[in-house]
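Working notes, beginning with the structure itself.
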Amino acid sequence: MTPDLLEDGARRASAYHERAVSGRTSSGGRQAGFGRPALAGEVDVTHGRILYLEDVSVSFDGFKAINNLSLDIAPGELRCIIGPNGAGKTTMMDVITGKTRPDSGTVYFGSTIDLLRHTEAQIAQMGIGRKFQKPTVFERLTVYENLELALKTDKDVLPSVFFRIDSRQSDRIAEVLHTIHLADSVTSMAGTLSHGQKQWLEIGMLLMQDPKLLLLDEPVAGMTDEETERTAELFLTLKGRHSLMVVEHDMSFIKSISEIVTVLSEGSVLAQGTLEQVQNDERVIEVYLGR
Amino acid sequence: MSAVVSTGPAIGSGSFSRLREKAGDEGDTRSDPHPNPLPRAGEGAALALPARAPILSRAGWTAFIVALLVVCAVAPLLNLAVPAASVFHMSDYAVALLGKIMCYAICALAMDLIWGYTGILSLGHGMFFALGGYAMGMYLMRQIGRDGNYRSELPDFMVFLDWKSLPWHWQLSDSFAATLFFIVAVPGLVAFVFGYFAFRSRIKGVYFSIITQAMTFAAMLLFFRNETGFGGNNGFTDFKRILGVPIATPSMRMTLFVLTGLVLLAFFLFARWLVASKFGRVLQAIRDAESRVMFSGYSPLGYKLTIWTLSAVMCGIAGALYVPQVGIINPSEMSPANSIEIAIWAAVGGRGTLVGPIVGAFLVNGAKSWLTVTAPEFWLYFLGALFIAVTLFLPNGAVGLVRQWKERGR
Numbered sequence: 014m015t016p017d018l019l020e021d022g023a024r025r026a027s028a029y030h031e032r033a034v035s036g037r038t039s040s041g042g043r044q045a046g047f048g049r050p051a052l053a054g055e056v057d058v059t060h061g062r063i064l065y066l067e068d069v070s071v072s073f074d075g076f077k078a079i080n081n082l083s084l085d086i087a088p089g090e091l092r093c094i095i096g097p098n099g100a101g102k103t104t105m106m107d108v109i110t111g112k113t114r115p116d117s118g119t120v121y122f123g124s125t126i127d128l129l130r131h132t133e134a135q136i137a138q139m140g141i142g143r144k145f146q147k148p149t150v151f152e153r154l155t156v157y158e159n160l161e162l163a164l165k166t167d168k169d170v171l172p173s174v175f176f177r178i179d180s181r182q183s184d185r186i187a188e189v190l191h192t193i194h195l196a197d198s199v200t201s202m203a204g205t206l207s208h209g210q211k212q213w214l215e216i217g218m219l220l221m222q223d224p225k226l227l228l229l230d231e232p233v234a235g236m237t238d239e240e241t242e243r244t245a246e247l248f249l250t251l252k253g254r255h256s257l258m259v260v261e262h263d264m265s266f267i268k269s270i271s272e273i274v275t276v277l278s279e280g281s282v283l284a285q286g287t288l289e290q291v292q293n294d295e296r297v298i299e300v301y302l303g304r
Numbered sequence: 010m011s012a013v014v015s016t017g018p019a020i021g022s023g024s025f026s027r028l029r030e031k032a033g034d035e036g037d038t039r040s041d042p043h044p045n046p047l048p049r050a051g052e053g054a055a056l057a058l059p060a061r062a063p064i065l066s067r068a069g070w071t072a073f074i075v076a077l078l079v080v081c082a083v084a085p086l087l088n089l090a091v092p093a094a095s096v097f098h099m100s101d102y103a104v105a106l107l108g109k110i111m112c113y114a115i116c117a118l119a120m121d122l123i124w125g126y127t128g129i130l131s132l133g134h135g136m137f138f139a140l141g142g143y144a145m146g147m148y149l150m151r152q153i154g155r156d157g158n159y160r161s162e163l164p165d166f167m168v169f170l171d172w173k174s175l176p177w178h179w180q181l182s183d184s185f186a187a188t189l190f191f192i193v194a195v196p197g198l199v200a201f202v203f204g205y206f207a208f209r210s211r212i213k214g215v216y217f218s219i220i221t222q223a224m225t226f227a228a229m230l231l232f233f234r235n236e237t238g239f240g241g242n243n244g245f246t247d248f249k250r251i252l253g254v255p256i257a258t259p260s261m262r263m264t265l266f267v268l269t270g271l272v273l274l275a276f277f278l279f280a281r282w283l284v285a286s287k288f289g290r291v292l293q294a295i296r297d298a299e300s301r302v303m304f305s306g307y308s309p310l311g312y313k314l315t316i317w318t319l320s321a322v323m324c325g326i327a328g329a330l331y332v333p334q335v336g337i338i339n340p341s342e343m344s345p346a347n348s349i350e351i352a353i354w355a356a357v358g359g360r361g362t363l364v365g366p367i368v369g370a371f372l373v374n375g376a377k378s379w380l381t382v383t384a385p386e387f388w389l390y391f392l393g394a395l396f397i398a399v400t401l402f403l404p405n406g407a408v409g410l411v412r413q414w415k416e417r418g419r
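Spelled out as structure tokens, the structure:
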């Protein structure tokens with residue numbers, strides 16, 4: 014055994030580890046191939062798409078909230094969605110998370126899971142986390158209890174009755190508590206937090222679920238500039254490990270995090286590209302800025 | 010609730026698990042692998058993970074033991090052993106009254122689980138109470154045997170209706186074991202079926218309350234009819250024996266009293282345990298933000314259905330204990346007003362506290378039995394005023410008020 018050999022071994026081990034990690038993000042660690050069965054409940058991203066919407070239409074009493082919307086998101090991508098009020102951003106999230114059933118169209122998670130066949134709870138357990146526009150936390154439970162409820166465990170009735178937290182799970186809670194900067198308020202009631210802190214707590218609850226895809230509806234609304242900055246940092250660290258879809262109105266926030274921006278208008282995609290491309294698009298300027 | 014302030018820098022997971030041990034969690038008892046742990050900034054200065062709350066605090070256990078002693082030893086002694094002339098004698102009237110109120114307290118506790126903790130206001134719990142009561146009443150009717158007015162094997166009202174044999178749903182009523190089963194199963198099954206369809210259709214809030222109200226009203230009309238075989242508007246009364254033992258003796262009355270008290274205390278402990286579990290926190294989460302619960306991966310249907318059925322079964326058991334003590338059960342127990350009263354007991358005592366509804370049941374019913382004797386015409390006005398006052402000034406009920414005083418005193 015020489016130091017050279019040891020070093021070489023360490024290098025190879027870390028290269029293998031890196032490959033394994035990057036493999037996880039792009040294709041779930043599996044390769045596309047013939048005779049590869051679709052595993053029930055497992056997201057198949059070998060075709061490079063974690064979310065896939067095609068020709069989705071939703072109408073409420075004749076009003077078309079979503080009109081032949083087609084959109085897809087790659088694994089590990091951070092996608093920003095913008096659009097004027099009533100463009101169908103929230104309705105689109107409702108469709109993806111199972112809250113609203115579309116009149117027509119297909120919605121796939123990976124290439125094998127048809128989201129239209131599942132309930133909200135099932136979709137959440139498969140790995141799609143959602144943050145609401147208005148921060149929604151359990152006001153009369155503590156920050157700790159909020160996170161504990163979001164833990165990724167068996168969520169049936171009996172396992173909940175006899176649930177005892179193990180050390181790995183509490184370490185995970187501690188980790189998330191630090192990520193969302195709420196370590197000082199573990200025992201505070203969630204209802205006593207500031208608006209920005211509630212937003213963070215909700216994001217923390219999403220992280221507890223360890224989702225593959227996060228849908229974030231106006232995550233920085235009501236946050237201070239400093240909090241917004243920290244949120245942008247957080248999202249950039251999540252990118253790659255998770256796929257994110259962020260709906261936001263705050264252009265400077267979008268500028269700090271965005272790769273590709275999709276503009277929705279009247280229920281369908283108007284334009285897509287980098288923020289700069291989109292901002293210079295004639296149609297976008299017309300619709301979005303109302304000129 | 011005071012937040013623990015962290016003065017030090019961000020704490021890694023290593024020191025975190027150490028603190029968890031300090032907080033009393035038994036999940037991880039391994040010794041610290043680090044020979045030189047991070048210096049502690051001082052007691053209470055670091056992030057502490059909240060420990061699993063005990064079912065009752067030390068004071069809580071003391072109060073519980075005292076209540077247990079009062080029910081099992083003090084009350085029987087004062088009633089049966091102390092002579093009637095003594096100041097300390099507990100009258101039969103007091104035994105009957107307290108026994109009855111303890112049954113009501115079980116209902117209030119059940120109401121608190123579904124309303125105070127899960128946020129589902131049921132205005133139909135009186136029906137489950139009556140169903141349990143009717144199951145017990147059928148057994149007590151069969152125990153009368155040939156001692157009824159008509160000297161027949163059949164209960165008196167059947168002879169009166171000129172029925173020749175027992176209807177099908179009375180077949181098992183002479184078995185005490187079957188009766189015990191029905192006391193649990195009938196309210197449980199009715200609640201399960203009703204709840205399944207209501208919760209699956211996502212009926213919530215005031216709509217659910219109205220439907221439960223309609224349910225108990227419909228049941229009342231059904232039980233009023235003679236052909237359903239539940240004694241019509243007279244219901245069941247004139248009981249003679251239970252398990253072959255005469256029912257109207259002081260010792261039997263005391264036995265039922267002690268039994269009711271034990272059931273109440275056991276249900277209280279059970280409810281404490283339940284709401285302290287993660288299951289209980291999911292219930293509170295459903296109350297506060299049901300959509301967040303769903304998007305966290307929980308299906309609220311199972312949780313709501315479980316607590317709803319459990320709550321109904323508790324009411325059924327309370328009803329079964331109530332009937333032999335008051336000696337009568339009739340369809341008026343299913344009247345909408347009775348179900349609303351259960352909600353009032355819970356609200357007056359304090360929703361979401363478990364102790365509160367029990368206190369509330371004693372307060373309201375104590376006031377009721379006092380007022381209906383001294384000023385019977387004012388009772389309903391008092392009840393209405395009480396409900397308005399509690400809604401306006403005491404959102405957390407009597408227990409909430411006491412807690413407020415305590416905090417102000419500090």
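Residue numbers (this note's numbering), protein chains in the order written: chain A, 14 to 304; chain B, 10 to 419.
Glycine included, C-beta positions come from ideal geometry on N, C-alpha and C.
Opposing strand residues paired with residue i [DSSP bridges]
i, result
"Val-69 (chain A)", "A:Leu-82"
"Thr-275 (chain A)", "A:Ile-94 and A:Gln-285"
"Ile-251 (chain B)", "B:Val-254"
"Val-120 (chain A)", "A:Leu-66"
Beta strand (DSSP E) segment containing residue i, residue limits
i, result
"Lys-144 (chain A)", "141 to 144"
"Gln-285 (chain A)", "281 to 286"
"Leu-91 (chain A)", "91 to 95"
"Gly-240 (chain B)", "Per DSSP, Gly-240 (chain B) belongs to no beta strand (DSSP E) and is neither H nor E."
"Gly-75 (chain A)", "Careful: Gly-75 (chain A) lies outside any beta strand (DSSP E) and carries neither H nor E."
"Val-260 (chain A)", "256 to 260"
N-terminal and C-terminal residue of the alpha helix (DSSP H) that residue i is part of
i, result
"Gly-142 (chain B)", "134 to 153"
"Ser-348 (chain B)", "345 to 358"
"Leu-331 (chain A)", "It is not possible to answer for residue 331 (chain A), since the shown part of chain A is limited to 14 through 304."
"Thr-241 (chain A)", "238 to 251"
"Ile-270 (chain A)", "264 to 270"
"Ser-218 (chain B)", "214 to 233"
"Phe-304 (chain B)", "299 to 304"
"Met-105 (chain A)", "102 to 109"
"Thr-71 (chain B)", "67 to 78"
"Tyr-312 (chain B)", "309 to 335"
Exposure label - residue i; buried when at least 16 CB within 10 Å
i, result
"Ile-298 (chain A)", "exposed"
"Glu-416 (chain B)", "exposed"
"Val-291 (chain A)", "buried"
"Arg-114 (chain A)", "exposed"
"Val-80 (chain B)", "buried"
"Lys-313 (chain B)", "buried"
"Ile-397 (chain B)", "exposed"
"Pro-404 (chain B)", "exposed"
"Gln-413 (chain B)", "exposed"
"Val-422 (chain B)", "Since the first residue shown for chain B is 10 and the last is 419, residue 422 (chain B) is missing from the structure and cannot be characterised."
"Ile-109 (chain A)", "buried"
"Ser-100 (chain B)", "exposed"
"Ser-161 (chain B)", "exposed"
Close-in-space but distant-in-sequence residues of the same chain around residue i (CB under 8 Å, 5 per side omitted)
i, result
"Met-263 (chain B)", "Ala-84, Pro-85, Asn-88, Leu-89 and Val-104"
"Ala-196 (chain A)", "Ala-187 and Leu-190"
"Thr-103 (chain A)", "Gln-146, Asp-230 and Val-260"
Own chain residues within Cβ distance below 6 Å of residue i, not counting five before or after
i, result
"Phe-206 (chain B)", "none"
"Glu-240 (chain A)", "Gly-209"
"Ser-271 (chain A)", "Cys-93 and Leu-288"
Proximal residues to residue i (C-beta, below 7 Å), its chain only, five neighbours per side dropped
i, result
"Pro-333 (chain B)", "Met-145, Leu-149, Phe-248, Ile-251, Ile-256 and Leu-265"
"Pro-224 (chain A)", "Gly-140, Ile-141, Gly-142 and His-255"
"Phe-371 (chain B)", "Ile-110 and Ala-114"
"Leu-106 (chain B)", "Ser-378"
"Thr-244 (chain A)", "Pro-232, Val-233 and Met-236"
"Arg-281 (chain B)", "Ile-64, Leu-65 and Leu-363"
At a Cβ cut of 7 Å, what residues of the segment 166 to 200 of chain A count as close to chain B, listed as they run along the chain? Lys-168, Asp-169, Val-170, Ser-173, Val-174, Phe-176, Arg-177, Ile-178, Asp-179, Ser-180, Ser-183, Asp-184, Ala-187, Glu-188, His-191, Ala-196, Asp-197, Ser-198, Val-199 and Thr-200
In chain order, what residues of the segment 215 to 234 of chain A put their CB closer than 7 Å to some CB of chain B? Met-218 and Gln-222
For the segment 281 to 297 of chain B, which residues have a beta carbon sitting closer than 7 Å to at least one beta carbon of chain A? Ser-286, Lys-287, Phe-288, Arg-290, Val-291, Gln-293, Ala-294 and Asp-297
Between the segment 309 to 325 of chain B and chain A, which residues of the former have a C-beta closer than 7 Å to a C-beta of the latter? Gly-311, Tyr-312 and Thr-315
Give the residues from the segment 105 to 137 of chain A that approach chain B closer than 9 Å (Cβ to any Cβ), ordered along the chain. Thr-110, Gly-111, Lys-112, Thr-132, Glu-133, Ala-134, Gln-135, Ile-136 and Ala-137
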